[in-house]
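The structure appears right after this line, and notes come after that.
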Amino acid sequence: MLARNARSSFSNSFRRLPRHQRYSPRHDVRLQSRSLATVASTSSDDSDLVSFYDQPATRHSSSSHTGLFGSYALHSPDSFHDLTLATLVRAHLLTERIIRARNDRDELLKVVKNMDRLSDMLCSVIDLAELIRNAHPDQEWVESANQAYEQLCEFMNVLNTHVGLYEVLRDVMLDPTVTKTLGREAYQTALIFWRDFEKSGVNLPPEQRDRFVSLSSEILVLGRQFLNEASSARPPATIKHSELKGLKDQGLGSRLQWQSRFTQLLVYPGSLQAQMIMRSAPAEEPRRKVYVASNSSSPQQVELLEALLRARGQLAELVGSPSFAHMALGDKMAKSPENVNQFLNTLLDHTRPHARRALRTLSTRKQAHLNTKPFPVIQAWDRDYYCPPEPPAPPIPLPPLTIGTCFKALSRLFRHLYGVSLRPADISAQEVWHNDVRKLEVVDEKDGLLGWIYTDLYARSGKSSGAAHYTVQCSRRTDDDDEAGDLEPPESHRELVQVSRAFEAGNRYRMPDGTFKLPIVVLLTEFSRPSAARGPSILEWHEVLTLFHEMGHAMHSMIGRTEYQNVSGTRCATDFVELPSILMEHFLTSPTVLSLFSSADDSAARQVGNHHEDPCHNIDTYGQILLAVLDQIYHSPVATQPNFNSTAALAQLHTTRGLIPYVEGTSWQTQFGHLFGYGATYYSYLFDRAIASRVWRKLFAKDPLNREMGERFRQEILRHGGGAGPVVDDRIAPERARVGERRCGGDARGRAMADRGRGGDTRKALTSTYYQ
Ligand SMILES: [Zn+2]
């Protein structure tokens, strides 16, 4: 498919075109291409990043006639609306051109390129809309972005199931004289389109195709309902005064104890009171009650999940897959549920002894506390009490971690590894959606400008929560576009179409190997805002980890410059996309890397680390692996069997493979929201974590700033973005070699990679599934 999966009914977008357009041709001619000579040399010191972020004074350039991201087509919500319509007109024309290629051999040779252009034409506006609706403070902009998103996704959905497009591509793929003209990247792009079309049921007979479309819509509706229910409040636990005796917490705990003298306390799952009780109540009973309440479900909530899983199973059967997991994994690195289960089993075996040891420590604490016989059983509600989770801390003392200090360290790290630096860039006031936004140029010492990263780092109301990396523009080669061969729009739309052409023409650069559109990404985080009184924001260690993680995604986008946008940067399979970002977290365990946070980049100042790990960390990891196993079970053939019972499956998993007893009457699975978004790929994070650990050990652990190793990682992994064929040999990532060809360009394409939610699940798991 052309990168979007959203399904909704067809509507002819042409009908929505307004009769009058307001575009003046003088705005149509934009930077056709800019020479790299305009890029200054790489900064030798990154200390200017410190003042750029820590002394808030926006550097505005004086350019006028511009809009968001420097594009005049985005100067107002209305202009965004016009851009959407212009894009639709051009996309219709390009679709028509591709369909006609069946009768013209020359055109057949251009089909893959044109399909990639079509995908890019739509994605570049959809991706923008996705960012704007999550970040723009102005409601008018948000509404225009929502509209753009809906209209373009609707059309994308039509293309994803377009029989005519599929048939042209089939002609291309079945004709060896055509396929042999495709380069490796082009062939991989074609393969991605081909597989995604087939996954959309486009090759089915009409009756089954209709069923496919209706099941897909049903899944979308059930999924949304499931997500709503997953985050809905669970009923409170009733706690008596006598049960709160000896609360360790002197603040909130004392108030609760006082209140409970007059009335029975209603403690709501997820509330501060509930968390405090789990950590501080010496008696087991109140913790048990809060745990059970937190993990309860209504019969309707359980049925909703089971209906979703059933519909997914039926969809898979329709296209001839034994299960939804089989269908979802065919184009992932892992390839099949068998490989995923084998991986998860190995991981469970590896983690079990460490988790058992940690549980034994907890058991010793419980024995001493309750004066029981040796080794009492650790129950689900005991973890937080006997081993309160600790916030992560840096392994060595560091200077105050201002945002500027962190970006300086990041730039130094990238320069050591890849010869790439981050450089403050000027912005015009119209270029950004909020005053908080800063722009960085990413500059390679040999190749010059690689792309731009806009950072929007502070929390504010209306902005989406959590941390996320948004791809706003993908790299793509443009000098061989053959726009001259595009169909001419009708007279009435000629002026309008210029809006989309002008929008596309921006940000193109001549390179030795052609003219390219360069990548633009945006990082959203919700760090605390600096103030005149307190000075620059100082990040907690977990926030530094988040920033490094997100910058791992950003650098993947910057370095993964490909000729085809469908395989550029982070447009790759869900079980590969987290590898570069998780690897960045490893760098923060090294004292050598941490010395880059100091004011001088002086190796003599490097300190010896005293890194220690939370002893209960392995219990949590074990719980995460069980969640991934549960995700596989729920998407296996059992989900369509008439006697399928998700609660019984959960209980059985914990009875047979869990380390903490399942608690009768609980059904946490109805809160496992990632079951919808990840659907059979929840293992991805663990998978990438395993590969990242190996890459770290093999390439970087001994000498983390080694340029040769950095270059190897860049050339063998990052440079290919989501394209096929990076040569990853056994020494770097045997897991990857074992599972065979990597297939990128799947689910992560065109989607903001929100890292929010993982943390949420970890917390949930701490108080629930980890113990069952
Ligand atoms: Zn991530």
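Remember, the working numbering sits 938 above the position in the sequence shown when you count from 1. Cβ coordinates follow ideal geometry from the N, Cα and C atoms, glycine included.
At a cut-off of 7 Å, the beta-carbon of H1491 counts as near ligand 1: some heavy atom of the ligand is closer than that. Taking the Cβ of H1494 as the reference point, every heavy atom of ligand 1 lies at 7 Å or farther away.
Rounded to whole angstroms, W1371 and D992 show a C-alpha spacing of 20 Å.
H1431 and E1442 have their C-alpha atoms spaced approximately 17 Å apart. Contact between L1253 and I1157 holds: their C-beta atoms lie close to 7 Å from each other, under 8 Å.
In this structure, the CA atom of A1363 is about 41 Å from the CA atom of N1166. Every alpha helix (DSSP H) of 4 residues or more that sits fully in the region 1080-1147 is shown, in chain order, as 1101-1111, 1114-1117 and 1122-1137.
For M1522, the three-state secondary structure derived from DSSP is helix. Ligand 1 has no heavy atom closer than 7 Å to the beta-carbon of S1402. By the Cβ neighbour-count rule, W1319 is buried, with 16 or more other Cβ atoms within 10 Å of its own. Remark: the C-beta of S1631 is outside contact range of ligand 1, defined as less than 7 Å to any heavy atom.
For S1519, the shortest separation between its Cβ and any heavy atom of ligand 1 lies below 7 Å.
In this structure, E1516 has its beta carbon less than 7 Å from a heavy atom of ligand 1. Non-local beta-carbon contacts of L1182 in its own chain, meaning distances under 7 Å to residues more than five positions away in sequence, involve L1194, Q1195, S1198, A1219 and P1224 in chain order.
If you check the C-beta of H1487 against ligand 1, you find a heavy atom less than 7 Å away. Inclusion of P1518 and H1494 in the CB contact set at 8 Å is warranted, their separation being smaller than that value. Measuring C-alpha to C-alpha distances from R1250 to each of N1309, Y1324 and V1159 identifies V1159 as the nearest.
Minimum Cα-Cα distance from F1007 among the listed residues L1378, E1241, I1316 and G1342 corresponds to L1378. Taking the Cα of A1212 as reference, the smallest distance to any Cα among P1237, K1227, S1605 and R1398 is reached at K1227. Distance from Y1502 to R1627 at the Cβ level is roughly 29 Å; contact not present, criterion being Cβ atoms closer than 8 Å. A distance below 6 Å between beta-carbons, with the five flanking residues on each side excluded, links R1467 to the following residues of its chain, in chain order: Y1396.
Counting along the chain, D1020 sits inside the alpha helix (DSSP H) bounded by residues P1015 to R1038.
As the crow flies, the alpha-carbon of H1491 is around 9 Å from that of L1461.
Annotation: the continuous alpha helix (DSSP H) that includes Y1616 extends over H1612 to Y1616. In the three-state scheme derived from DSSP, where H, G and I count as helix and E and B as strand, T1289 is classed as helix. DSSP places G1386 in the strand class (E or B) of the three-state scheme.
Setting aside the 5 residues that flank it on each side, P1642 is surrounded in the same chain by F1525, S1528, T1530 and V1531, each with a C-beta closer than 8 Å to its C-beta; the list follows chain order. Restricted to the region 1330-1357, the alpha helix (DSSP H) segments that are unbroken, complete and at least 4 residues in length are 1341-1356, listed in chain order. One alpha carbon belongs to K1186, the other to T1393, and they sit about 41 Å apart. DSSP places E1181 outside any alpha helix (DSSP H), giving it a letter other than H or E. A direct Cα-to-Cα measurement between D1424 and I1036 gives close to 9 Å. Burial of V1096 is indicated by the presence of at least 16 other C-beta atoms within 10 angstroms of its C-beta.
Straight-line spacing of the CA atoms in L1023 and A1175 works out to 53 Å. With a minimum length of 4 residues, the unbroken runs of alpha helix (DSSP H) contained wholly in the region 1164-1247 fall at 1190-1198, 1210-1218 and 1222-1232. Cβ contact annotation for N1556 (same chain, cutoff 7 Å, sequence separation greater than five): T1289, H1292, A1293 and A1296, in chain order. Separation of F990 and R1038 (C-alpha to C-alpha, rounded to the nearest whole angstrom) is 52 Å.
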